[in-house]
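Peer 1: This is the structure, below, for whatever I ask next.
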Amino acid sequence: MAKEVIATDKAPAAIGPYVQATKLGELVFTSGQIPLDPATMEIVAGGIEAQAEQVMKNLVAVLKEAGADTGKVLKTTCFLSDMNNFVAFNQVYARYFGDAAPARSCVEVARLPKDVLVEVEAIAYV
């Protein structure tokens, strides 16, 4: 079984030595998505809600390219630059997963790439 690289122009291009996602068999592992607009590669304006929305749009685009969707996500890891944004982040996140929410870790970190407020990665199946 060979590893497949997943790439789409509907999500930001990698800004380092990594890919948007990899697929092995029926499993998909996404790289962390940050709130970059894929068309401009600029951080979206606004606070945690706007950034969380863009992160989730980017994540959905990568999952779709791999043949998955949010209903097939098994686990996410969410990184927040400030745990005071937890409630606002959850409101956006919940709209994408609803009652089919996956297992999740959510942690505060000292710093994220480009000083964004949020990053999310996922493991899904197809």
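Under the numbering used here, the residue at position 26 of the sequence shown is numbered 26, and the numbers go up by one with no gaps. Glycine included, each C-beta is placed from N, C-alpha and C at the ideal position. It should be emphasised that the depicted structure is a prediction, and the values quoted were computed from it without experimental measurement.
1) Exposed or buried, what is residue 105 when buried is set at 16 or more other beta-carbons lying within 10 Å of its beta-carbon?
2) Scan the stretch 44-93 and note each continuous beta strand (DSSP E) run of 3 residues or more that stays entirely inside, going in chain order.
3) In terms of DSSP beta bridges, what is residue 125 paired with?
4) Three-state secondary structure (DSSP) at residue 21?
5) So is residue 80 buried or exposed if we call it buried at 16+ other beta carbons inside 10 Å?
6) How would you call residue 36, buried or exposed, if buried means at least 16 neighbouring beta carbons within 10 angstroms?
7) I'd like to know if the stretch 85-102 and the stretch 43-55 are in contact, where contact means that at least 3 CB-CB pairs between them fall below 8 Å.
8) With 16 other CB atoms within 10 Å as the buried threshold, where does residue 2 fall?
9) Run the CB neighbour count on residue 68, radius 10 Å, all protein chains shown included, and call it buried at 16 or more, exposed below.
Peer 2: If we stick to the structure as given:
1) In the sequence shown, residue 105 corresponds to position 105, counting from 1. So residue 105 counts as exposed.
2) 73-80
3) Sequence index remark: in the sequence shown, residue 125 carries index 125 (1-based). 27.
4) Taking the sequence shown and counting its residues from 1, one reaches residue 21 at position 21. The answer is strand: DSSP assigns residue 21 an E or B state.
5) The residue labelled residue 80 in the question sits at position 80 within the sequence shown. Buried.
6) Stepping through the sequence shown from its first residue, residue 36 is reached at position 36. Result: buried.
7) yes
8) Numbered from its first residue, the sequence shown carries residue 2 at position 2. By the 10 Å Cβ count, residue 2 comes out exposed.
9) What you label residue 68 is simply residue 68 of the sequence shown in a count that begins at 1. With 16 or more Cβ atoms within 10 Å of its Cβ, residue 68 is classed as buried.
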